[in-house]
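Position in the sequence shown (from 1) plus 29 gives the number in my numbering. By construction, the Cβ of each residue, glycine as well, lies at the ideal position given by its N, Cα and C atoms. Being a predicted model, the structure only gives us computed values, none of them experimental. To start, the structure under review is shown below, and the notes come after it.
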Amino acid sequence: ITRYKSYFDFHSLYSFYPAEFVNMTEIEEKKEEKRGGHHRVLSSLDDLSMLQLVHDTAPAGVTQDVKLKELEVVEEKVLPKSSLLILTETENLENKDASTAETPMVASLSDIDFTFNKLKVKAWDRKKFYSDYIREGLEERGVKISDYTDVIMLYESPSSASSETSFQNREKYRFHDWPPPKSTRSKAILGPCKYSMMNGQSFPSFLRDGAPPDGLMEHWAETIPGVPMPRFVKTIHENDLVNAYLPVELIKHHVNDPDTHYHLAGKDAIHLMTQQTTRLLPDTRTSRPCVVKTTHSMGSKGIFIIRNDEDEKEFEDFLAESGNPTFVVVDFVDIQRNVACHFFMHPNGEEI
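This is how it looks when you write it as structure tokens:
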């Protein structure tokens with residue numbers, strides 16, 4: 030599923046909250062968010078197509094037929110209630126090969142510069158969920174699950190700026206989330222619930238309160254028929270094996286090597302994965318305008334456009350105030366929107 034990053038935080042709320050909580054007006058009110066003195070302009074809804082997955086009724090044990098219905102994008106209206114909404118470009122939706130149940134995420138695999146020739150996207154079988162894939166990966170790697178007290182799915186990200194979050198990375202795996210968020214509800218509730226909805230039942234999901242808000246699981250059951258309800262825990266023990274969304278300093282056993290995970294999560298590692306990326310610059314004066322990004326920032330924090338010396342001074346003040354985080358300097362690219370996808374790669378590397 031292709032989703033527009035600029036609307037990700039708002040439309041993904043619909044996935045697990047009743048429609049009346051998500052209003053298009055709220056999205057427009059957040060169309061410009063001031064980040065470090067610079068306005069971040071989001072895409073217009075006119076650029077997007079809204080699609081609805083409609084499930085036909087079917088007898089128990091029979092796979093439901095799914096139809097794709099395009100909806101009119103109307104400003105200042107509550108999003109319609111459905112099993113799933115997708116904001117995308119319709120021309121990027123291609124018919125999958127019925128014989129292989131696989132479909133490309135781009136027009137052609139030659140459009141991306143991965144040298145690995147077995148990169149494929151497989152159609153979801155509606156039977157495996159996040160934790161099921163992790164279990165399968167652990168078995169592939171020969172990890173003895175019985176050696177651990179439990180395996181925990183951790184979707185809450187740590188903070189290096191706030192002391193109010195469940196996990197703080199103070200000395201290691203520092204994330205640049207300065208200034209501290211006014212509320213930790215996004216990290217502790219919204220994010221974890223969004224992913225827990227599709228967690229499955231192989232392993233429990235960590236939730237700070239131990240359970241989601243009242244009525245949320247009932248809403249999931251109503252809007253996503255057949256989805257297995259996740260289990261939750263509110264404690265991670267020393268001998269638990271943890272699949273963390275981002276590496277956490279105090280967790281002893283990570284499913285993924287935390288040092289490698291942290292390195293790959295940094296913007297300074299993007300150029301190691303693909304050549305189709307913005308050019309790295311040695312400093313902020315070689316070419317202007319340019320963009321400066323703290324390497325491990327999230328939520329558009331720590332991003333500055335440097336057009337002149339005044340912008341440079343503003344960035345230097347930010348560095349001093351936020352503890353001198355590492356950063357990269359790249360070419361400025363004038364784009365209207367950004368597309369982001371989540372995916373799984375099997376440990377044997379053969380398919381996604």
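- For Arg164, which residues from the same chain have a beta carbon less than 6 Å from its beta carbon, with the 5 sequence-adjacent residues on both sides left out? Within the sequence shown, numbered from 1, the residue matching residue 164 stands at position 135. Excluding residues within five positions, the ones whose Cβ falls inside 6 Å are Ser231.
- Spell out a yes or no on whether the stretch 270-282 and the stretch 178-197 are touching, meaning 3 or more CB-CB pairs, one atom from each, closer than 8 Å. yes
- Going by C-alpha distance, which of Leu310, Ser329, Ser326, Lys342 is nearest Phe361? Translated into the one-based positions of the sequence shown, residue 361 becomes position 332. Nearest C-alpha to Phe361: Leu310.
- Compare the C-alpha of Tyr224 against each of His205, Ser175, Trp249, Thr194 and name the closest. Residue 224 sits at position 195 when you count from the first residue of the sequence shown. The shortest Cα separation from Tyr224 among His205, Ser175, Trp249, Thr194 belongs to Trp249.
- Query: Does the Cβ of Thr178 have 16 or more other Cβ atoms within 10 Å, making it buried, or fewer, making it exposed?
  - Reply: Locating residue 178 in the sequence shown gives position 149, counting from the first residue. Thr178 should be labelled exposed.
- When the Cα atoms are used, what is the spatial distance from Thr194 to Thr306? Translated into the one-based positions of the sequence shown, residue 194 becomes position 165. Translated into the one-based positions of the sequence shown, residue 306 becomes position 277. Going by the C-alpha atoms only, they are around 33 Å apart.
- Query: Just how far apart, CA to CA, sit Ser326 and Gly352?
  - Reply: Taking the sequence shown and counting its residues from 1, one reaches residue 326 at position 297. Taking the sequence shown and counting its residues from 1, one reaches residue 352 at position 323. Cα-Cα distance, rounded: 13 Å.
- Query: Would you say Gly409 and Phe261 are within 8 Å of each other, going by their C-beta atoms?
  - Reply: With the chain covering only 30 through 381, there is no way to say anything about residue 409.
- Task: With distances taken Cα to Cα, identify the nearest neighbour of Leu236 among Glu247, Gly244, Asp243, Cys222.
- Result: Taking the first residue of the sequence shown as 1, we reach residue 236 at position 207. Out of Glu247, Gly244, Asp243, Cys222, Cys222 has the C-alpha closest to the C-alpha of Leu236.
- Query: If you run the structure through DSSP and keep just helix, strand and coil, what is Leu309?
  - Reply: As a first step, residue 309 must be located in the sequence shown, where it is residue number 280. Leu309: strand per DSSP, three-state reduction.
- Would you mind sorting Ser189 into buried or exposed? The rule is 16 or more other CB atoms within 10 Å of its CB. As a first step, residue 189 must be located in the sequence shown, where it is residue number 160. Under this definition Ser189 is a buried residue.
- Message: Quick check: what's the CA-CA separation for Thr303 versus Ser191?
- Response: Indexing the sequence shown from 1 puts residue 303 at position 274. Indexing the sequence shown from 1 puts residue 191 at position 162. Distance between the alpha carbons of Thr303 and Ser191 is about 33 Å.
- Within the stretch 162-215, ranges of the beta strand (DSSP E) (whole runs, at least 3 residues): 180-183
- Alpha carbon to alpha carbon, what distance is there between Asp363 and Ile335? By one-based count along the sequence shown, residue 335 stands at place 306. By one-based count along the sequence shown, residue 363 stands at place 334. About 13 Å.
- Task: Can you say whether Ile265 is buried or exposed, counting buried as having 16 or more other CB atoms within 10 angstroms of its CB?
- Result: Along the sequence shown, read from residue 1 onward, the residue named residue 265 stands at position 236. Flag for Ile265 reads buried.
- Message: Which same chain residues end up closer than 7 Å to Gly220 when comparing Cβ atoms and leaving out the 5 residues on each side of it in sequence?
- Response: On the sequence shown, residue 220 is found 191 positions in, with the first residue counted as 1. Result list for Gly220: Tyr184, Glu185, Ser186, in chain order.
- Three-state secondary structure (DSSP) of Lys322: The residue given as residue 322 occupies position 293 in the sequence shown. Lys322: strand per DSSP, three-state reduction.
- Message: Please tell me whether Phe344 and Val321 are closer than 8 Å, where the distance is taken between their beta carbons.
- Response: Position 315 of the sequence shown holds residue 344. Position 292 of the sequence shown holds residue 321. In contact: Phe344 and Val321 (Cβ atoms closer than 8 Å).
- Query: So what does DSSP say about His290, is it helix, strand or coil?
  - Reply: Here residue 290 refers to the residue found at position 261 of the sequence shown. Reduced to three states, the DSSP call for His290 is helix.
- Item | Contact check, Asn268 vs Ser160, beta carbons under 8 Å | In the sequence shown, the residue the question calls residue 268 occupies position 239. In the sequence shown, the residue the question calls residue 160 occupies position 131. Not closer than 8 Å, so no.
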